[in-house]
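Numbering (the numbering used here), first residue to last: 40 to 281.
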């Protein structure tokens, strides 16, 4: 009898575990109400909070992107029509921002646009939300008549959208070198024909440490850590397209 009770107990425990697992999977894959729309003033603080959480300790101890987003909105290079948030069940859980950029050529300047920061709340990573944001914004940029998008990042993140290294188009960084992290997407087939030079991004993407710290003080305190991904990022930034 004791043996039966023990076996029965294990069966019941296993059954309970299976039920819990099933419930977890249901929550994970439940149908979410997802909306991509233009950012509005009411979204500003929430968007900055998500940016801070998404980038914290990713590239260096702490983060700067939430401050960059904050000051970007009042900069002349900011493209408000291409600032989008993504809502999940009524709550903003990610965003993408665009600014004016250009390719400086021997004959002058060729106007382009650039996106970044783009981010998703960590709890919704790998669920297709970033793809929705990027795809939606690219299509809107085409409709608005822009010629090309420049961005900086890991190639494997953006090649699925059609981005290729700047070297393919004869577009370098200001130091004249071709880096794997400089990515280019023509929005029309012949948009970059005859265009060669170096990429120049908006100054608004740069931020002083003192300003970052002052702005960050308005958020709840978070621990800054040195992580291996930060060293990997430094290596990636220096990688040449040879």
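The C-beta atom is built at its ideal place from N, Cα and C for all residues, glycine as well.
- For residue 230 and residue 108, the gap between their C-alpha atoms comes out near 29 Å.
- Under DSSP, residue 141 shares a beta bridge with 150, 239.
- In terms of Cα proximity to residue 207, the closest of 280, 119, 152 is 280.
- Residue 135 is positioned such that its CB atom lies closer than 7 Å to that of residue 154.
- One Cα belongs to residue 266, the other to residue 98, and the distance between them is close to 9 Å.
- Residue environment: residue 182 is assigned as exposed (fewer than 16 neighbouring CB atoms within 10 Å of its CB, all protein chains considered).
- A direct Cα-Cα distance of roughly 20 Å separates residue 174 from residue 70.
- Of the residues assessed, residue 233 falls on the exposed side of the cut-off, its CB having fewer than 16 other CB atoms within 10 angstroms.
- Cα atoms of residue 75 and residue 124: separation of roughly 6 Å, rounded to the nearest angstrom.
- Around the beta carbon of residue 252, a 10 Å sphere encloses fewer than 16 other beta carbons of the protein chains shown; the residue is thus reported as exposed.
- The beta-bridge partner set that DSSP reports for residue 218 consists of 279.
- Take the alpha-carbon of residue 197 and the one of residue 276: they are about 15 Å apart.
- Under DSSP, the beta-bridge partners assigned to residue 191 are 221.
- By the Cβ rule, the region 234–242 counts as touching the region 139–146, because three or more pairs are nearer than 8 Å.
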